[in-house]
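**Q** Have a look at this one.
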Amino acid sequence: MVEKLVKESIEKLRSGVQAAVGTDTVQNLYSLLPDDAQRDIARNVAATFVYLKQPTDLAQWADQFGEGPARLAAISGGLSEIAQGHGNEAAQKALDTLSGSDRDAGLEGLALRWYGPEQLTYATGISDPARREDTEYAALSSWWGNDQGRCRAWLQTHANELSAAVAAEWLAKTK
Numbered sequence: 000m001v002e003k004l005v006k007e008s009i010e011k012l013r014s015g016v017q018a019a020v021g022t023d024t025v026q027n028l029y030s031l032l033p034d035d036a037q038r039d040i041a042r043n044v045a046a047t048f049v050y051l052k053q054p055t056d057l058a059q060w061a062d063q064f065g066e067g068p069a070r071l072a073a074i075s076g077g078l079s080e081i082a083q084g085h086g087n088e089a090a091q092k093a094l095d096t097l098s099g100s101d102r103d104a105g106l107e108g109l110a111l112r113w114y115g116p117e118q119l120t121y122a123t124g125i126s127d128p129a130r131r132e133d134t135e136y137a138a139l140s141s142w143w144g145n146d147q148g149r150c151r152a153w154l155q156t157h158a159n160e161l162s163a164a165v166a167a168e169w170l171a172k173t174k
């Protein structure tokens with residue numbers, strides 16, 4: 000029930016119906032959710048908050064989501080929204096304020112925002128090996144589904160930039 004209210008509130012905020020519901024209301028409802036539900040919708044909550052007001056310090060702003068998976072999802076969604084609404088330069092500036100797992104989450108958000116070679120550059124910058132492989136695979140899947148020819152051509156010349164397991168699997172698909 001609370002999760003449904005949070006999702007409806009997010010939709011209202013995004014559509015400009017701020018008089019009926021504000022970010023404080025969404026934050027209060029969000030805090031009532033169990034940890035797993037918070038993690039699942041943190042990306043959307045964060046993207047909505049960033050859509051309404053771009054924070055100057057993404058890491059400090061993300062503190063409201065606590066430590067752990069919800070925080071990382073919030074950073075991923077927030078940075079993705081900054082890139083969409085304010086461009087790559089603003090996204091890079093926000094990314095430069097992050098370090099460690101926060102930075103990996105930001106890179107993931109940028110890698111999964113669109114498809115193409117630039118997104119794979121973001122994915123390959125992730126320091127956590129498992130997260131990097133997952134993000135590379137997801138970015139390649141998106142690109143392959145949207146532009147198989149360009150993705151195939153890129154893989155033929157740039158597979159060495161990818162994690163070994165991801166490169167091997169995707170090179171096998173191109174044959």
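With numbering that gives the first Met the number 0, letter number 21 in the sequence shown gets 20, and the count goes up by one each step, no holes. Glycine is no exception: its CB is placed at the ideal position from the N, C-alpha and C atoms.
Near Glu-160, what residues of its chain come up, given a Cβ to Cβ distance below 6 Å and the 5 sequence neighbours on each side ignored?
**A** Once the five neighbours on either side are set aside, the close Cβ partners of Glu-160 are Thr-123.
**Q** Taking the alpha carbon of Pro-116 as the point to measure from, which residue in Ala-93, Ala-129, His-157 and Ser-98 has its own alpha carbon closest?
**A** Minimum Cα distance to Pro-116 is reached at His-157.
**Q** Only counting runs of 4 or more residues, tell me where the alpha helix (DSSP H) segments fall wholly within the region 147–174, in order along the chain.
**A** Runs found: 147–157 and 163–173.
**Q** Determine the burial state of Leu-31: buried for a count of at least 16 other Cβ atoms within 10 Å of its Cβ, exposed for fewer.
**A** Exposed.
**Q** Suppose you measure from the CA of Ala-19 to the CA of Lys-52; what does that come to, to the nearest Å?
**A** Reliability fails at Ala-19, whose pLDDT of 48 lies under 50, so the model's placement of it is uncertain and the value that follows must be treated cautiously. In a straight line, the C-alpha of Ala-19 is about 18 Å away from that of Lys-52.
**Q** For the putative contact between Ala-46 and Gly-67, defined by C-beta atoms under 8 Å, what is the C-beta separation to the nearest angstrom?
**A** The Cβ separation is near 18 Å, so there is no contact.
**Q** So what's Ile-125 in DSSP terms, helix, strand or just coil?
**A** DSSP places Ile-125 in coil when its eight states are reduced to three.
**Q** For Ser-98, I'd like the list of residues in its chain whose CB is within less than 7 Å of its CB, leaving aside the five on either flank, ordered along the chain.
**A** Closer than 7 Å at the Cβ level, and outside the excluded window around Ser-98, lies no residue.
**Q** Using only CA atoms, which one of Gln-118, Gly-144 and Asn-145 lies nearest to Glu-135?
**A** That would be Gln-118, whose Cα lies nearest to the Cα of Glu-135.
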